[in-house]
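Peer 1:
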Amino acid sequence: MQERRAPCHKGVALSKARRLMSAHNPAEMRSRRFGPSGPLRGRIRVPGDKSISHRALMFGALAVGETRVTGLLEGEDVMATAAALRAMGATIEREGDGRWSIHGVGVGGLLQPEAPLDMGNSGTSTRLLMGLVASHPITARFVGDPSLSKRPMGRVTEPLGRMGAEFDGETLPVTERGLSPSIPIEYRLPVASAQVKSAVLLAGLNTAGITSVIEPVPTRDHTERMLKGFGAELWIEQEGGERVIRLRGEADLKPQRIEVPGDPSSAAFFAVAALVVPGSALTIENVGLNPTRAGLFEVLRQMGGSIEELNRREVGGEPVADLVVRHSALKGIEVDPALAPSMIDEFPILFVAASLAQGTTTTSGLDELRVKESDRLATMAAALTGAGARIEERADGLVIEGTAGEPLRGSANSATQTHLDHRIAMSMAIAGLASREGVEVDDTRPIATSFPAFEALLDGATGSPSRLRERIGEGATTLGNTDPPPTPSASGRGE
Ligand code: S3P
Numbered sequence: 030m031q032e033r034r035a036p037c038h039k040g041v042a043l044s045k046a047r048r049l050m051s052a053h054n055p056a057e058m059r060s061r062r063f064g065p066s067g068p069l070r071g072r073i074r075v076p077g078d079k080s081i082s083h084r085a086l087m088f089g090a091l092a093v094g095e096t097r098v099t100g101l102l103e104g105e106d107v108m109a110t111a112a113a114l115r116a117m118g119a120t121i122e123r124e125g126d127g128r129w130s131i132h133g134v135g136v137g138g139l140l141q142p143e144a145p146l147d148m149g150n151s152g153t154s155t156r157l158l159m160g161l162v163a164s165h166p167i168t169a170r171f172v173g174d175p176s177l178s179k180r181p182m183g184r185v186t187e188p189l190g191r192m193g194a195e196f197d198g199e200t201l202p203v204t205e206r207g208l209s210p211s212i213p214i215e216y217r218l219p220v221a222s223a224q225v226k227s228a229v230l231l232a233g234l235n236t237a238g239i240t241s242v243i244e245p246v247p248t249r250d251h252t253e254r255m256l257k258g259f260g261a262e263l264w265i266e267q268e269g270g271e272r273v274i275r276l277r278g279e280a281d282l283k284p285q286r287i288e289v290p291g292d293p294s295s296a297a298f299f300a301v302a303a304l305v306v307p308g309s310a311l312t313i314e315n316v317g318l319n320p321t322r323a324g325l326f327e328v329l330r331q332m333g334g335s336i337e338e339l340n341r342r343e344v345g346g347e348p349v350a351d352l353v354v355r356h357s358a359l360k361g362i363e364v365d366p367a368l369a370p371s372m373i374d375e376f377p378i379l380f381v382a383a384s385l386a387q388g389t390t391t392t393s394g395l396d397e398l399r400v401k402e403s404d405r406l407a408t409m410a411a412a413l414t415g416a417g418a419r420i421e422e423r424a425d426g427l428v429i430e431g432t433a434g435e436p437l438r439g440s441a442n443s444a445t446q447t448h449l450d451h452r453i454a455m456s457m458a459i460a461g462l463a464s465r466e467g468v469e470v471d472d473t474r475p476i477a478t479s480f481p482a483f484e485a486l487l488d489g490a491t492g493s494p495s496r497l498r499e500r501i502g503e504g505a506t507t508l509g510n511t512d513p514p515p516t517p518s519a520s521g522r523g524e
């Protein structure tokens with residue numbers, strides 16, 4: 030096997046904060062207290078979707094010619110993907126705010142990286158790139174921060190191993206040796222994971238023949254949508270209640286223009302903040318509402334949340350709308366576990382909403398939350414209990430007794446442990462807004478993995494001008510405090 034080497038490339042360096050986190054340096058932690066807040070008003074726009082941004086860079090890197098992307102999320106996770114793709118030969122340039130140009134190497138054209146690929150905190154970068162490397166004749170070493178280094182990679186090394194790739198372990202750091210020609214497989218997903226599905230399909234791109242993935246439970250379908258857009262031959266069929274995706278390998282990807290819609294997983298924090306802080310009426314523009322991602326908004330409506338959709342349209346092949354969210358009296362419900370894949374990243378913020386609802390909210394079927402950036406069941410149970418909420422932690426979910434709209438006590442005297450998990454930090458920041466004492470978040474730096482402008486946007490929407498002044502220039506987009514449309518006669522879907 031002849032190895033092809035990429036020219037030495039500086040790539041996108043991960044931020045200083047992330048490198049310090051890799052070194053686990055508590056002295057550098059950036060804590061912040063999020064205190065009780067006034068209503069969230071006006072219009073905001075959240076950054077581009079993280080899942081779609083990773084895929085836009087990866088597929089652009091495999092197309093021959095120039096792919097142009099607007100609205101790319103410039104968070105650390107996506108930058109880790111960009112750096113790795115550069116290290117394997119793609120040319121990726123930032124042209125302006127969220128505007129990027131990619132010159133791809135063609136399917137089969139990835140080169141041998143000179144140095145280990147630093148995945149930072151990003152499971153999506155790691156698992157999808159392992160898929161790409163699997164069917165190229167190159168060797169890559171994947172390294173990551175302490176959180177990522179605990180996460181299971183066996184779920185991708187197992188199917189990719191069947192395709193011919195070799196791995197020296199199942200947790201990072203891992204060295205992967207790809208194989209070309211690789212072997213097409215038919216793979217039934219043992220866990221509902223879009224990352225595993227995508228890893229196999231991405232390996233299938235440079236594998237002669239048909240690679241198939243069978244999904245007993247549907248997961249986010251951005252890979253399928255975008256691969257079709259890039260011209261890959263891909264068929265999706267329902268067979269015996271399962272979703273079967275077949276891809277013809279040795280694909281020829283054509284460069285595209287991609288507009289990335291706003292991330293529903295980022296919009297989620299602001300939607301819940303507006304629901305729980307009295308007097309709020311907030312418009313969140315350009316939110317991606319792909320049905321495989323929009324479960325949280327459905328659950329919040331079942332809880333009595335007023336979330337109106339305006340201006341439904343399509344952006345980059347994905348359904349999008351502007352959401353108008355108003356303070357609402359939430360009530361506890363039993364959350365249907367079948368919805369879990371469509372809101373898998375939104376449970377931490379749902380737990381915050383449930384803590385402030387009237388009555389009991391029961392969640393189950395959430396074993397996957399234990400292997401995210403942190404164990405999100407244990408971390409949220411501890412964090413919310415510390416802030417005065419009543420939580421019972423079960424093996425596969427939380428049961429939460431809400432305050433019926435009364436603020437939580439808060440946790441003024443002890444910092445909430447976020448365990449390097451961006452979504453825990455943002456969820457507990459929102460809990461702080463609806464508390465008496467405020468919530469002290471131990472480290473806000475991980476927020477930059479998915480939502481660097483979170484704090485500035487929050488300060489803008491809650492009208493904390495001093496914080497906004499400090500942070501201006503960090504890419505926040507507060508679109509002004511113009512009043513949202515008048516309250517509709519009934520809550521729920523608009524138009
Ligand atoms: C993602 C899939 C989900 C999600 C992650 C992003 C993706 O992970 O939690 O944040 O972009 O494919 P799993 O597929 O492992 O559930």
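The numbering used here applies: residue 30 is where the sequence shown begins, and numbers increase by one. By construction, the Cβ of each residue, glycine as well, lies at the ideal position given by its N, Cα and C atoms. The structure presented is a predicted model; accordingly, all values stated were derived computationally and were not measured.
Measuring only from the beta carbon, is V246 closer than 8 Å to any heavy atom that is part of the ligand S3P?
Peer 2: By 1-based counting over the sequence shown, the position of residue 246 is 217. Not under cutoff, so the answer is no.
Peer 1: Do L91 and L234 have their C-beta atoms closer together than 9 Å?
Peer 2: Within the sequence shown, residue 91 is the residue found at index 62, counting from 1. Within the sequence shown, residue 234 is the residue found at index 205, counting from 1. Cβ atoms of L91 and L234: closer than 9 Å.
Peer 1: Return the CA-CA distance between F298 and I362, expressed in angstroms with no decimal places.
Peer 2: Here residue 298 refers to the residue found at position 269 when the sequence shown is read from its first residue. Here residue 362 refers to the residue found at position 333 when the sequence shown is read from its first residue. About 19 Å.
Peer 1: Can you tell me whether DSSP reads A116 as helix, strand or coil?
Peer 2: In the sequence shown, residue 116 corresponds to position 87, counting from 1. It is helical.
Peer 1: Check whether chain C comes within 9 Å of Y216, counting only Cβ atoms and requiring the distance to be less than that.
Peer 2: Reference to chain C is not applicable here, since this structure consists of a single protein chain.
Peer 1: So, helix, strand or coil for I274, using DSSP?
Peer 2: As a first step, residue 274 is located in the sequence shown; it is residue number 245 there, counting from the start. Strand.
Peer 1: Are the region 346-358 and the region 300-313 touching by the rule of at least three beta carbon pairs closer than 8 Å?
Peer 2: Cβ pair count under 8 Å is three or more, so yes.
Peer 1: What's the C-alpha gap between G173 and N150?
Peer 2: In the sequence shown, residue 173 corresponds to position 144, counting from 1. In the sequence shown, residue 150 corresponds to position 121, counting from 1. Approximately 6 Å between the Cα atoms of the pair.
Peer 1: Report yes if the CB atom of H83 is closer than 9 Å to the CB atom of V107, and no otherwise.
Peer 2: Taking the sequence shown and counting its residues from 1, one reaches residue 83 at position 54. Taking the sequence shown and counting its residues from 1, one reaches residue 107 at position 78. Yes, Cβ-Cβ distance for H83 and V107 is below 9 Å.
Peer 1: Measuring CB to CB, does G67 end up less than 9 Å from T491?
Peer 2: Numbered from 1 along the sequence shown, position 38 holds the residue referred to as residue 67. Numbered from 1 along the sequence shown, position 462 holds the residue referred to as residue 491. Result yes, Cβ atoms of G67 and T491 sit closer than 9 Å.
Peer 1: Under 9 Å between the Cβ atoms of P202 and P145?
Peer 2: To locate residue 202, count along the sequence shown from 1; it is residue 173. To locate residue 145, count along the sequence shown from 1; it is residue 116. The answer is yes: Cβ separation under 9 Å.
Peer 1: For F480, does the three-state DSSP call read helix, strand or coil?
Peer 2: For the purposes of this step, residue 480 is taken as the residue at position 451 of the sequence shown. F480: coil per DSSP, three-state reduction.
Peer 1: Out of M372, T312, G291, point me to the one whose CA is closest to L329's CA.
Peer 2: The residue labelled residue 329 in the question sits at position 300 within the sequence shown. Among M372, T312, G291, the Cα nearest to that of L329 belongs to M372.
Peer 1: When the Cα atoms are used, what is the spatial distance from G345 to D292?
Peer 2: If you number the sequence shown from 1, residue 345 lands on position 316. If you number the sequence shown from 1, residue 292 lands on position 263. Distance between the alpha carbons of G345 and D292: 13 Å.
Peer 1: Looking only at C-alpha atoms, which of F259, I73, S60, A169 sits nearest to A485?
Peer 2: Position 456 of the sequence shown, counted from the first residue, corresponds to residue 485. Among F259, I73, S60, A169, the Cα nearest to that of A485 belongs to I73.
Peer 1: At a cut-off of 8 Å, is H251 close to the ligand S3P when judged by its beta-carbon and the heavy atoms of the ligand?
Peer 2: Looking up residue 251 in the sequence shown gives position 222. Checking the Cβ of H251 against the ligand S3P gives yes.
Peer 1: May I ask which residues mark the beginning and end of the alpha helix (DSSP H) holding I459?
Peer 2: In the sequence shown, counting from the first residue as 1, residue 459 sits at position 430. I459 -> alpha helix (DSSP H) spans 451-462.
Peer 1: Within 8 Å: the Cβ of T186 and any heavy atom of the ligand S3P?
Peer 2: By one-based count along the sequence shown, residue 186 stands at place 157. No.
Peer 1: For P219, tell me which candidate among V242, V468, I274 has the shortest Cα-Cα distance.
Peer 2: The sequence position of residue 219 within the sequence shown is 190, counting from 1. For P219, the nearest C-alpha among the options comes from V242.
Peer 1: Between the beta-carbon of V468 and the beta-carbon of R62, is there less than 9 Å?
Peer 2: As a position in the sequence shown, residue 468 is number 439, starting the count at 1. As a position in the sequence shown, residue 62 is number 33, starting the count at 1. Cβ distance < 9 Å, so V468 and R62 count as in contact.
Peer 1: Taking L256 as the reference, give the member of F88, A460, R275, T321 with the closest Cα.
Peer 2: One-based indexing of the sequence shown puts residue 256 at position 227. Comparing Cα positions, the closest option is F88.
Peer 1: How would you call W264, buried or exposed, if buried means at least 16 neighbouring beta carbons within 10 angstroms?
Peer 2: The residue labelled residue 264 in the question sits at position 235 within the sequence shown. So W264 counts as exposed.
Peer 1: Going along the chain, which unbroken runs of the beta strand (DSSP E) with 3 or more residues stay wholly within the region 78-130?
Peer 2: With a minimum length of 3 residues, the continuous beta strand (DSSP E) runs that stay inside the region 78-130 are 95-99, 120-125.
Peer 1: Where DSSP assigns a beta bridge to F326, which residues make up the other side?
Peer 2: For this step, residue 326 is matched to residue 297 along the sequence shown. In the DSSP output, where bridge partners are listed per residue, F326 has none listed.
Peer 1: I want to check one thing, is the minimum distance from the CB of Q331 to the heavy atoms of the ligand S3P below 8 Å?
Peer 2: On the sequence shown, position 302 is the one that residue 331 refers to. Answer for Q331: no, Cβ out of range of the ligand S3P.
Peer 1: Answer yes or no: do I212 and G198 have a C-beta to C-beta separation smaller than 9 Å?
Peer 2: Translated into positions along the sequence shown, residue 212 becomes position 183. Translated into positions along the sequence shown, residue 198 becomes position 169. No, Cβ-Cβ distance for I212 and G198 is not below 9 Å.
Peer 1: Which residue from L282, S164, I121, L318 puts its Cα closest to that of E337?
Peer 2: Taking the sequence shown and counting its residues from 1, one reaches residue 337 at position 308. Per the Cα distances, L318.
Peer 1: Using DSSP bridges, identify the partner residues of T445.
Peer 2: Taking the sequence shown and counting its residues from 1, the one referred to as residue 445 is at position 416. Paired residues: V470.
Peer 1: Straight-line CA distance for P593 to E205?
Peer 2: This structure gives no information on residue 593, because the portion of the chain shown stretches from 30 to 524.
Peer 1: Between V316, I214, E430, which has its C-alpha nearest K360's C-alpha?
Peer 2: Numbered from 1 along the sequence shown, position 331 holds the residue referred to as residue 360. Checking every option, the nearest Cα to that of K360 belongs to E430.
Peer 1: Note down, one range per segment and in chain order, each beta strand (DSSP E) of at least 3 residues found wholly within the region 223-252.
Peer 2: Counting only runs of 3 or more, we get 239-244.
Peer 1: First and last residue of the beta strand (DSSP E) that includes G317?
Peer 2: The sequence position of residue 317 within the sequence shown is 288, counting from 1. 310-317 is the span of the beta strand (DSSP E), which, as asked, contains G317.
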